[in-house]
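> Pasting a structure here, questions to come.
In our numbering, the protein residues as written are 475 to 795.
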C-alpha cells in the first residue's frame, strides 16, 4: 500500500538535536507513513545516527545522502522521492508531538484539502518561556488559501514556515513547484504561492510542531558570508512577491497586502547591511543592490507614506556609505 503521508527531513550537521527529532518522527501516529531523511553532506555524527535509526526502523525510514547543496536542494530531493498522497516537511533540529500529523492528515482527508494549515510552538531552549506561534482566532472553516493569506497579512500574523503545514502532493505537482537552490528563507515564496493557489485550506490551531530557536555564534567572516546570502535571497524573494502581487492585481486589497509584505521584508536588508563587519563587503553589496534594481523595486511597491519614508531614509544612508 502506498504511504498516505511522506515526511521530508533535510539533515545537515545537527547531531546534538537529531535523536530527539527522529524519536518524535518514529512515534508519529499516522498509518502508511514514510520518512525520507536527506543527509545533505553532513560532516558530524549525523550519518552514524541516521544509519542506526534506519536499522532499527527499516520499514519506516529511508535515508539518502548527497553532496551539500543547501536546504532547498535537500527538500527538492525529498520531493522527488516522496510517494505519499500528502507531504510535510520537518527541520531536523525540531521535534513534533506524536498526534500532530494525525490531526492534520485527518483534517485534510475529511475536508478534501489541498493544504492543512497547522500551528507550532517557539522553543527557546530555556532562555525564555515557550509560546505558540499563532495565538489568534483564525476560523477553522474551509476557505480558499487567498482568504487565509488575506486575513493573516491583514493582522500581521503571517509566517512563512513551510514545515507548519501539510500539503496534498498532487497539488504541489500541479503547480510544478520546487524550492530555489541556494536561496535563504526559501519558505517565503513557497508558502505565499501555495496559499494563493490553494482552493481548499483549513486551520487546526492546536500547536504540535516544536520550532527550536537556536543561538548560533559565528566568527565575523562566517557571519558576513551568511548575511551576504540572506541579503541576496531577500532581493530574490522581493522580486518573486512582486510577480505574485501582479497575479492578483484585480484584487486590490490582496495586491496591496502582498506588496506591503514585500516592502516590509525587503527593508530588513538594510539592517543586515549595517551588521556586515567588512566595509568592503558592504560597499559591494550596495553596488549589487543597485545592479538588481532593489531600491526602485521597493519604491514602486510601497503602499503608504511610512514605507516610502523608510525607503528614502535608507537610500540616503546608502549615499553616505
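Glycine included, C-beta positions come from ideal geometry on N, C-alpha and C.
So which of 672, 647, 522 and 660 has the shortest CA-CA distance to residue 621?
Nearest option by C-alpha distance: 672.
> I want to know whether the segment 687-694 touches the segment 657-664 - three or more CB-CB distances under 8 Å.
No: fewer than three Cβ pairs fall under 8 Å.
> By Cβ distance, which residues of its chain are closer than 6 Å to residue 548, with the 5 residues on each side in sequence left out?
The residues are 484, 512 and 514.
> List the endpoints of the continuous beta strand (DSSP E) containing residue 538.
It spans 535-539 - the beta strand (DSSP E) in which residue 538 sits, taken as one unbroken run.
> Along the chain, where does the alpha helix (DSSP H) containing residue 712 start, and where does it finish?
Residue 712 -> alpha helix (DSSP H) spans 694-721.
> Keeping to the same chain, check which residues put their C-beta closer than 6 Å to that of residue 722; ignore five residues upstream and five downstream.
If we look at residue 722 and ignore the five residues flanking it on each side, its Cβ neighbours are 728 and 729.
> Which residue spans inside the segment 627-692 form an unbroken beta strand (DSSP E) run of at least 3?
Taking only runs of at least 3 residues, the beta strand (DSSP E) segments lying wholly in the segment 627-692 are 639-642 and 675-686.
> Give the straight-line distance between the Cα atoms of residue 486 and residue 709, rounded to the nearest whole angstrom.
Their Cα atoms are separated by approximately 25 Å.
> What span of residues does the beta strand (DSSP E) with residue 521 cover, start to end?
Unbroken run through residue 521 is the alpha helix (DSSP H), 520-530; no beta strand (DSSP E).
> Please confirm whether residue 582 has its beta-carbon closer than 8 Å to some beta-carbon of chain C.
Checking the listed chains, one finds no chain C in this structure; it contains a single protein chain.
> Taking residue 575 as the reference, give the member of 498, 626 and 757 with the closest Cα.
Residue 575 has its Cα closest to that of 498, out of 498, 626 and 757.
> Can you tell me which of the three DSSP states residue 594 falls into?
Strand.
> How many whole angstroms separate the CB atoms of residue 573 and residue 582, which I take to be in contact at a CB cut-off of 8 Å?
Not confirmed; about 15 Å, so no contact.
> Got a sec? Which residues, its chain only, sit under 7 Å from residue 703 by beta carbon, not counting five neighbours each side?
Result list for residue 703: 658, in chain order.
> Between residue 477 and the rest of its own chain, which residues show a CB-CB distance below 8 Å, the 5 nearest in sequence each way excluded?
Closer than 8 Å at Cβ, skipping near neighbours: 506, 507, 508, 557, 558 and 559.
> Give me, in chain order, the residues of the same chain whose beta-carbon lies closer than 6 Å to that of residue 750; leave out the 5 immediate sequence neighbours on both sides.
Same-chain partners within the cutoff: 698, 701 and 756.
> Determine, using beta carbons only, whether residue 595 and residue 490 come nearer to each other than 8 Å.
In this structure, residue 490 does not lie closer than 8 Å to residue 595 by Cβ.
> Classify residue 505 as helix, strand or coil using the three-state DSSP reduction.
Coil at residue 505, not helix or strand.
> Candidates 686, 737 and 554: which alpha carbon is nearest residue 643's?
Of 686, 737 and 554, the residue nearest in Cα terms is 554.
> From the DSSP output, which residues share a beta bridge with residue 730?
Answer is none; residue 730 lacks a bridge partner.
> For the segment 642-656 against the segment 755-773, do three or more pairs of beta-carbon atoms, one drawn from each stretch, fall closer than 8 Å, so that the two count as touching?
Counting Cβ pairs under 8 Å, fewer than three are found: no touch.
> On the three-state DSSP scale, how would you describe residue 489?
Residue 489 falls in the coil class under three-state DSSP.
> Straight-line CA distance for residue 655 to residue 624?
Cα-Cα distance, rounded: 28 Å.
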